[in-house]
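Novice: Sharing a structure, written as structure tokens. Questions coming.
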């Protein structure tokens, strides 16, 4: 189990099960939402408990992004009815999660380069296997 909170503490999130691996997305929509990048780890919907008021924004016709309406912290991205992609910065216990992939790597801003030996998936590669993506905003 892992517990996290937003910057002001008004929203608390618990994940009873999660994958413990961080993925980073560099698409335009994620860059705007995350202030440069979007990092996330996956937790199944039935394993996530949330307390506090949550703001939700339908960023596409198939997914939402959630935030704390008080402090603005980015909480998660989630396809409707799907797993949560939780922001690792909310969770003290996520500090040691490995970075396992970057998507839209060819769209990354120069300041957002990550070292390490992990897959760097281009926009074209990602969109071949994910026909409904958010990509551009």
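Numbering (this note's numbering), first residue to last: 483 to 619. Note that beta-carbon positions come from the ideal geometry of N, C-alpha and C, so glycine has one too. Bear in mind that the values here come from a model prediction, so they are computed numbers and not experimental data.
(1) Please state whether DSSP places residue 494 in a helix, a strand or coil.
(2) Classify residue 559 as helix, strand or coil using the three-state DSSP reduction.
(3) Hey, out of 494, 524, 517 and 512, whose CA is closest to residue 500's CA?
(4) May I ask you to report which of helix, strand or coil DSSP gives residue 511?
(5) In whole angstroms, what separates the C-alpha of residue 492 from that of residue 535?
(6) Taking the C-alpha atoms as reference points, what is the distance between residue 484 and residue 526?
(7) If we ignore side chains and look at the alpha-carbon of each, how far apart do residue 571 and residue 557 end up?
(8) If contact is defined by three or more beta carbon pairs under 8 Å, each pair taking one atom from either stretch, is the segment 590-608 in contact with the segment 537-545?
Specialist: In brief:
(1) Shown here, residue 494 sits in a strand according to DSSP, grouped into three states.
(2) Correct three-state label for residue 559: strand.
(3) The option with the nearest alpha carbon to residue 500 is 524.
(4) Residue 511 falls in the helix class under three-state DSSP.
(5) Straight-line Cα distance between these residues: approximately 7 Å.
(6) The alpha-carbon separation between residue 484 and residue 526 amounts to approximately 13 Å.
(7) If I take the Cα positions, the gap works out to 9 Å.
(8) At 8 Å Cβ cutoff, the stretches do not touch.
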